[in-house]
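Below is one structure, written out as structure tokens; comments come after it.
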Amino acid sequence: MLPACINRQLRGFTTTAISLKNKRNKVLKKFGVDFRYIIPKNGPKPPTESTVTYPQTPEHLTPESWVKRGDMTRTKPLLWHCNWVMQRDARRRALGAHYGPVSLRLHALQYNDFLPLMLRQVAHKEYNTLPRASNRFSPTNRCVITSRPRGKKRRWRVSRIVFRHFADHGQMCGVKRAQW
136 MLPACINRQL RGFTTTAISL KNKRNKVLKK FGVDFRYIIP KNGPKPPTES TVTYPQTPEH
196 LTPESWVKRG DMTRTKPLLW HCNWVMQRDA RRRALGAHYG PVSLRLHALQ YNDFLPLMLR
256 QVAHKEYNTL PRASNRFSPT NRCVITSRPR GKKRRWRVSR IVFRHFADHG QMCGVKRAQW
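Note that my numbering has the sequence shown beginning at 136, numbered continuously upward.
Given below as structure tokens:
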């Protein structure tokens, strides 16, 4: 039995089960749904010029400029974080800070029940034209020294391993090993 939201989208489409590798699609395969027929290939496109609701992405935040750190004469990308994952995360944070106010307002308009449906649909369409990497919830908090994504001490922004090393050697201010 398919969920009602998928049933509405499937009317008129032929569905075939496909074998996909990731876990999410295995669940969808159980229902016999091929989502290639549901989701349009060409999604919403951002406008070419800057508008009131859609500020243009600054040149220094484009992926090409970001990996060369603004120096477009470089032939190779420049790594200035401890690894590429951390550098990509830093770019996502910068994009989230740039598009944050616009995203917040469009999201509020989109889910405001007092507004007419047409206005909410326009806000939804505008919200979907924002860059995917500009989501303020997508960045992962990582250790600033090793870029480890799990086991962080949030107050110091380091992983538990680095934290223990620094604490044992007296390099963390106000922290010492517990003794009893």
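Beta carbons are placed, not taken as given, at the ideal position from N, Cα and C, and that holds for glycine.
Within this structure, are the beta carbons of arginine 228 and tryptophan 201 separated by less than 8 Å? Contact: no.
Minimum C-alpha distance to phenylalanine 272 - residue among Leu214, Ser238, Leu196: Ser238
Confirm, please, whether the CB-CB distance from serine 294 to cysteine 278 is below 8 Å. Yes, they are a contact pair.
On a Cα-Cα basis, can you pick out the residue from Arg289, His300, Leu252, Thr264 that is closest to glycine 190? The question names glycine, but residue 190 in the sequence shown is proline. Nearest option by C-alpha distance: Thr264.
The alpha helix (DSSP H) with tyrosine 262 in it runs from where to where? Per DSSP, tyrosine 262 belongs to the alpha helix (DSSP H) from 252-264.
Could you give the DSSP three-state label for valine 279: helix, strand or coil? coil
Compute the distance between the beta-carbons of arginine 312 and alanine 302, then report whether it is under 8 Å. yes
Rounded C-alpha distance that separates tyrosine 172 from threonine 281: Its pLDDT being 48, under 50, tyrosine 172 is placed unreliably by the model, and the measurement read from it follows with that caveat. C-alpha of tyrosine 172 to C-alpha of threonine 281: approximately 42 Å in a straight line.
Would you kindly report the start and end of the unbroken alpha helix (DSSP H) that includes alanine 229? First-last of the alpha helix (DSSP H) with alanine 229: 219-245.
In chain order, what residues of the same chain lie with their CB nearer than 6 Å to the CB of alanine 258, ignoring the 5 residues before and after it? Leu241, Leu244, Gln245
Straight-line Cα distance separating histidine 304 from aspartate 206: Taken atom to atom, the span from the alpha-carbon of aspartate 206 to that of histidine 304 is near 40 Å.
Going by beta-carbon coordinates alone, are arginine 204 and leucine 196 separated by less than 8 Å? no
Can you have a look at threonine 208 and say buried or exposed, based on whether 16 or more other CB atoms are within 10 angstroms of its CB? exposed
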